[in-house]
Amino acid sequence: MTKKKLLKALAVAAITTSLVACSNSSSDDSTSTTSAASSASTVATTQKTTDTNSDNVKANASYTIGYGMGSSINQDPNLKNYGLYKDRVIAGFEDAMNSKKPEISEQDIKNNMDSLRQTMMKKMSEQRVTSFLKVKDSMYNSDLTPKSYVKNPDVVIYEFFDYQCMYCSKVVPEIEKIMKNNSNVQVVFGEFPIFGQRAPASEYAAEVGTAIYKLYGADAYVKYHNGIFATGEDEGKLTDSTVNKVAVQAGAKIDAVKKAIKDDKIAAHVKSTLEMGFKDLDIQGTPFLVVAPLKGANADNTTVIGGYTSAANIQKAVDKASSKVASTSTSDKSK
C-alpha cells in the first residue's frame, strides 16, 4: 500500500461518509445562497454576502466531513470499544490532509490496519458467541426449528441460510461431507430468508421448509432443503412453483403444507428467527454457521463462521467442539 493510495483511500472515505450528512443540510445551504442572491441590492453588498455564505458553506462542509468520520467510528461498536486515542486519530488525519510523511512506515501502517481488522473480527466473533449462547436453547428446542436426525448427537452445526443465496448453495455440499464423516454431528437449520423483501420466494421457501419439517419430519425436510439448492435457482431466480415442485418430490402434499403455514404460525416463527439473527447474532449475510457442543457449549468450544467456508474449516470447528465433549465425558467417567 503506497502513501498515495493511503491518502486517496482516506479522502474517499471522508467524502463518502460526509455525503449523507451533507444531504441533510443541503436545503439550508441552498436557501442561504438563494437568499444572498435575491437580497443583493448593491454590488458591494452582493459581494460581501456571497463571500460570507461561501465561507459558511466551506466551513460547514469541512465540519461535516470531520463529524461524519467521527460519527462512523463512534457508531461502530468494535471501533468504539477498541480504545482508540482521539489525539492520535486527529494527528494522523492532519498529517494525511497536509500530505505529510507518516510518522510510521507504510509497512507498519499496513500491519497496524491488519492487526486492527483482526482484533475487530475477534471481538465481533466473541460478541456473537456470547449472544448465541443465550439464544441457542430456545432455537434448538423449538418444534418448528428443522433438525437433521442423528441418534445421539454431540456436536451441532447451526446453519443460517437463504434458499436464494448462491454461497449458501455452495456450502451445503461442504456440510454434507461433515455429516458423512461425523456420525455425532447434527445440523440445525435456521431458515433465514434475508432476501425475502426483494425476492418473496425466499420467504415462501422458508415457510414451506418449516411446514414440511413439522408435518413430515427430518428426512423429508433434508430432502427438500437439498432439493431446493440443487435447482440452481438462486439470486432471485427461485419461484413458488419450483418450491412446490420440490416439496412434492420430498414427499409433501402442498395443500397440507399451505394449511400448516396458515394455521401453525410458521410465518411468525420464520420472522422470529430473522429478528434473532439480526438483533442477537448481528448476521449481516448468509451463510452463517455456528458450531458448538450440544451440551456444555461455551466461549471456548463454540465457533462462529460468517460466509462460505470449506468442509476442512468446518471440520476444525467440529473437532474443537468434539474435544470439549470428549474431555467432559472422560471427566464424568472419573467421578
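Letter by letter, the sequence shown follows residues -21 to -1, 1 to 314 in mature numbering (1 follows the signal peptide of the UniProt record, and there is no 0). Just so you know, even glycine gets a beta-carbon here, dropped at the ideal spot from N, CA and C.
Closer than 8 Å, CB to CB, is residue i near chain D or not?
i      : result
Tyr142 : Included in the structure is just one protein chain, with no chain D present.
Which value, in whole angstroms, describes the spacing of the CA atoms of residue i and residue j?
i        : j      : result
Leu260   : Lys250 : 15 Å
Ala(-1)  : Leu123 : At Ala(-1) the pLDDT is 36, less than 50, meaning the model places this residue with poor confidence; the figure from the coordinates comes in the next sentence. Using only the alpha carbons, I get a separation of about 44 Å.
Asp7     : Gly47  : Residue placement at Asp7 is flagged as unreliable, the pLDDT there being 41, under the threshold of 50; the coordinate-derived value follows with that caveat. So the alpha carbons of these two residues sit roughly 18 Å apart.
Ser127   : Glu73  : 57 Å
Leu(-16) : Val108 : In this prediction, Leu(-16) has a pLDDT of 44, which is less than 50 and means its spatial position is unreliable; what the coordinates show is noted afterwards. The alpha-carbon atoms of Leu(-16) and Val108 are separated by roughly 34 Å.
For residue i, is the classification buried or exposed, using 16 other Cβ atoms within 10 angstroms of its Cβ as the cut-off for buried?
i      : result
Val227 : exposed
Pro132 : buried
Ile154 : buried
Ser148 : buried
Phe257 : exposed
Asp87  : exposed
Glu105 : exposed
Can you give me the Cβ contacts of residue i inside the same chain, cut-off strictly under 7 Å, excluding the 5 residues immediately before and after it?
i      : result
Gly188 : Pro125, Glu170, Tyr200, Tyr203 and His204
Lys295 : none
Ser289 : Glu153
Apart from the five residues just before and just after residue i, which ones in its own chain have a Cβ nearer than 8 Å to its Cβ?
i      : result
Val134 : Asn161, Asn163, Val164, Gln165, Val270, Ala271, Pro272, Leu273, Val297, Ala300, Ser301 and Val304
Ala229 : Ile191, Tyr195, Ala199, Tyr200, Lys202, Tyr203 and Gly206
Met255 : Val114 and Met118
Val91  : In the sequence under discussion, the amino acid at residue 91 is Asn, which differs from the Val named in the question. If we look at Asn91 and ignore the five residues flanking it on each side, its Cβ neighbours are Ile83.
From this set, the options, which residue's C-alpha is nearest residue i's C-alpha?
i           : options                           : result
Asp243      : Ser121, Lys89 and Gly286          : Ser121
Ile69       : Tyr137, Ile44, Asp55 and Glu254   : Ile44
Ala209      : Glu186, Asp74, Gln263 and Met145  : Met145
residue 364 : Glu212, Ser50 and Leu95           : Since the first residue of the chain shown is -21 and the last is 314, residue 364 is not available in this structure.
Gly215      : Val222, Met100, Ala40 and Phe174  : Phe174
Asn292      : Lys156, Ala247, Ile245 and Phe168 : Lys156
Val129      : Leu58, Val167 and Glu85           : Val167
Thr282      : Lys232, Met100, Asp93 and Tyr42   : Met100
Taking 6 Å as the limit between beta carbons, can you name the residues of its chain near residue i, skipping five residues before and five after?
i      : result
Ala278 : Val108
Pro172 : Asp141, Ser181, Glu182 and Ala185
Val150 : Pro266 and Tyr287
Ser17  : Because Ser17 carries a pLDDT of 45, less than 50, the predicted location of this residue cannot be relied on, and the following value inherits that uncertainty. Nothing meets the Cβ criterion.
- the stretch 235 to 253 touching the stretch 180 to 194, judged by at least three CB pairs closer than 8 Å: Here the stretch 235 to 253 makes contact with the stretch 180 to 194; the two share three or more CB pairs at distances below 8 Å.
- Are there three or more Cβ pairs, one per stretch, closer than 8 Å when the stretch 109 to 119 is compared with the stretch 177 to 186? Flag = no, the stretch 109 to 119 and the stretch 177 to 186 do not touch.
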